[in-house]
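Peer 1:
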């Protein structure tokens with residue numbers, strides 16, 4: 001969890017923290033640019 005909840009991200013809601021943890025655990029090792037853009041678009 002320390003790689004997700006950093007000093008700059010210490011005010012994350014439980015919901016956002018849970019989503020980031022899920023991405024961190026379940027993501028592929030390397031993301032290509034298309035997948036990164038899809039994730040960013042869905043996050044907005």
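Numbering (the UniProt record's numbering), first residue to last: 1 to 44. Every residue gets a Cβ at the ideal spot worked out from N, C-alpha and C, and that includes glycine.
Residue 18: beta carbon under 6 Å from a heavy atom of the ligand GDP?
Peer 2: Ligands in the displayed structure: none, and consequently the ligand GDP is not present.
Peer 1: Roughly how far, in whole angstroms, is the beta-carbon of residue 21 from the beta-carbon of residue 4, given that I think they are within contact range, below 8 Å?
Peer 2: The Cβ separation is near 6 Å, so the contact holds.
Peer 1: DSSP three-state call for residue 19: helix, strand or coil?
Peer 2: In the structure shown, residue 19 sits in a helix (DSSP, three-state: H, G or I).
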